[in-house]
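Structure first, then comments.
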Amino acid sequence: MATIKEVANSAGLSVTTVSRYLNNHPYISDEKRLKIEKAMADLDYQPSAVAQQMRGVKAFHIGVLVSRITNQYYAGLIDALEVTARKFGYSILIIQNHNSEGEEKRALELLKKKIIDGLVLCTVESDIDTLENYVKHGPIVLCNTHLYNTNIPSIHIDDEQATEEAINYLTGKGHKRIAYCTGGDFTSQSHGARRNKGFKTAMRKANQNIDYDLIFRHVHTLEDGEKIGSQLASMKNEQRPSAVFTGSDEVACGVINILTKSGINVPDDIAVMGFDNQKISSLISVPVTTVHQPVDVLGKFTMEYLLAAIEGKSYVYDTGMLKTNMVIRNSA
Numbered sequence: 001m002a003t004i005k006e007v008a009n010s011a012g013l014s015v016t017t018v019s020r021y022l023n024n025h026p027y028i029s030d031e032k033r034l035k036i037e038k039a040m041a042d043l044d045y046q047p048s049a050v051a052q053q054m055r056g057v058k059a060f061h062i063g064v065l066v067s068r069i070t071n072q073y074y075a076g077l078i079d080a081l082e083v084t085a086r087k088f089g090y091s092i093l094i095i096q097n098h099n100s101e102g103e104e105k106r107a108l109e110l111l112k113k114k115i116i117d118g119l120v121l122c123t124v125e126s127d128i129d130t131l132e133n134y135v136k137h138g139p140i141v142l143c144n145t146h147l148y149n150t151n152i153p154s155i156h157i158d159d160e161q162a163t164e165e166a167i168n169y170l171t172g173k174g175h176k177r178i179a180y181c182t183g184g185d186f187t188s189q190s191h192g193a194r195r196n197k198g199f200k201t202a203m204r205k206a207n208q209n210i211d212y213d214l215i216f217r218h219v220h221t222l223e224d225g226e227k228i229g230s231q232l233a234s235m236k237n238e239q240r241p242s243a244v245f246t247g248s249d250e251v252a253c254g255v256i257n258i259l260t261k262s263g264i265n266v267p268d269d270i271a272v273m274g275f276d277n278q279k280i281s282s283l284i285s286v287p288v289t290t291v292h293q294p295v296d297v298l299g300k301f302t303m304e305y306l307l308a309a310i311e312g313k314s315y316v317y318d319t320g321m322l323k324t325n326m327v328i329r330n331s332a
């Protein structure tokens, strides 16, 4: 087991500074705190959680797990979470999982070791049993992600309804062959399951068959969108969809970029719809028709819910403020 001295050496600080941190000394800079916390995590150093709990010590840090901070959606969400946390005297520790389970486990271990007081999961790769085993160590709140058959609280938009409305818009414009992008594997319990359900419902109501060759799985980035754009451009005209629901503006921009470079007109040849209403969606050559979601409100409500849970209090929020709406531009 690592020692305080090893933690101090790894962090490049004195043993006294680390000791002060462990005793919740008020005069330690955030920079030094983060160095110590990283060293503790790297060395798997775990102070006596029981002793800390008996003293009622708080770290005044909140963990926030996201897929990628380079994504504009997550960047905006992190900003809203941080602004709210700071108002209550907390700082946030950002962990990226890049859609893998390993870093998510690290974030959960930070909660267990009392390095953070609570954890916001903006993406989930672990199974329910794993997550629920950590709830006893501190509150966890899901932000705009959802798990079935769990009591872990979730603050989220109605993804199912938002997606159904988006597909209704496309079918209402006469589109029949609609390609669909998902961050998961298009199963009923996977990442993006609520959006998948909305897509299936809208297609069924429009009496349209789903072409599973036009379901693109594990799609997250602009580069993923460009790969899809290349696949669509290489198809024969009769094989191509007339519209694509991309699941995010970032992916939509990648698709549009390649289609237009390939001489395919957006939206006349292929309509493209995004999701999120990121700033980039209105700035590209073909502004993106998209679904706006209230990221600022999502972040605020999620953090306030978590901080209330840390204090053992309940929290009530206005679900009406989490409604989405279509933003019609040129791409669809």
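Quick note: the sequence shown uses the UniProt record's numbering, first residue 1, plus one each step.
We put the CB at the ideal spot given by N, CA and C, even for glycine.
Nearest to residue i (by Cα), restricted to the options the options
i, options, result
"N325", "I310, H292 and Y305", "H292"
"S285", "V297, C253 and Q278", "C253"
"E304", "G247, G320, V141 and N207", "V141"
"residue 339", "G320, V316 and T289", "Here the chain covers residues 1 to 332 and nothing more, so residue 339 does not appear."
"N209", "D224, I167 and H218", "I167"
"A332", "S281, A59 and V316", "S281"
"V266", "L232, K227, K200 and S14", "L232"
"N277", "G118, T187, D296 and D268", "D296"
"G102", "L65, N71 and N133", "L65"
"I256", "G229, S234, M235 and F275", "G229"
"V217", "K136, G12, L34 and G247", "What sits at residue 217 in the sequence shown is Arg, not Val. Considering only alpha carbons, the answer is G247."
"L214", "G138, T221 and D185", "D185"
"K136", "D318, G225 and K114", "K114"
"N237", "I270, L283, S10 and E31", "I270"
"D268", "K173, G274, E226 and T16", "K173"
"L258", "L283, F275, Q239 and L222", "Just to set this straight, residue 258 is Ile in the shown sequence, not Leu. When each option's Cα is compared against that of I258, the closest is L222."
"G63", "Y90, Y45, D44 and Y73", "Y90"
"K105", "E125, G183 and K300", "E125"
"K35", "A75, N9, F60 and Q46", "N9"
"S262", "E226, V251 and D249", "E226"
Coil, strand or helix - residue i by DSSP
i, result
"T17", "helix"
"M303", "helix"
"L142", "strand"
"T171", "helix"
"F199", "helix"
"R55", "Because R55 sits at a pLDDT of 49, beneath the cut-off of 50, its placement in the model cannot be relied upon, and the point is left open."
"A39", "helix"
"I210", "coil"
"I157", "coil"
"I215", "strand"
"A193", "helix"
"A243", "strand"
"R204", "helix"
"R33", "helix"
"G313", "At residue 313 the sequence reads Lys, which differs from the Gly that was named. Here K313 sits in coil by DSSP."
"L22", "helix"
"T163", "helix"
"A332", "coil"
Residue i: first and last residue of the uninterrupted beta strand (DSSP E) it sits in
i, result
"M321", "Taken as a continuous stretch (DSSP letters only), M321 belongs to no beta strand (DSSP E), as it is neither H nor E."
"V7", "It is not in any beta strand (DSSP E) - V7 instead sits in the alpha helix (DSSP H) that spans I4 to A11."
Limits of the alpha helix (DSSP H) - the one that residue i falls within
i, result
"Y180", "Looking at the DSSP string, Y180 is not in any alpha helix (DSSP H); the run it does join, the beta strand (DSSP E), is I178 to C181."
"A233", "L222 to S234"
Beta carbon proximity, residue i to chain C, threshold 8 Å
i, result
"A243", "The displayed structure is made up of one protein chain only, and chain C is not part of it."
Report task. Scan the region 102 to 134 and note each continuous alpha helix (DSSP H) run of 4 residues or more that stays entirely inside, going in chain order. Result -> 128 to 134
**Report entry** Ordered list of beta strand (DSSP E) runs contained in the region 57 to 103, each at least 3 residues
**Finding:** Here the runs fully enclosed are 61 to 66 and 91 to 96.
Requested in this report: Let me know the alpha helix (DSSP H) ranges lying completely inside the region 248 to 302, each 4 residues or longer, listed in chain order.
Outcome: Listed in chain order, the alpha helix (DSSP H) elements of length 4 or more contained wholly in the region 248 to 302 are 249 to 261.
Report task. Take every Cβ of the region 229 to 245, pair it with every Cβ of the region 163 to 179, and state whether three or more of those distances are shorter than 8 Å. Result -> Yes: the two stretches touch, three or more of their Cβ pairs being nearer than 8 Å.
Requested in this report: Evaluate contact between the region 152 to 165 and the region 77 to 87, counting only Cβ atoms and requiring at least three cross-stretch pairs below 8 Å.
Outcome: Under the three-pair Cβ rule at 8 Å, the region 152 to 165 does not count as touching the region 77 to 87.
Report task. Take every Cβ of the region 22 to 40, pair it with every Cβ of the region 2 to 9, and state whether three or more of those distances are shorter than 8 Å. Result -> yes
Report task. Please confirm if the region 159 to 166 is in contact with the region 193 to 206, defined as three or more CB-CB distances below 8 Å between the two stretches. Result -> yes
Query - the region 92 to 109 in contact with the region 305 to 312 per 3-pair CB rule at 8 Å - result: no
Query raised in the report: Would you say the region 109 to 122 touches the region 28 to 44, given that touching needs at least three Cβ pairs under 8 Å?
Result: yes
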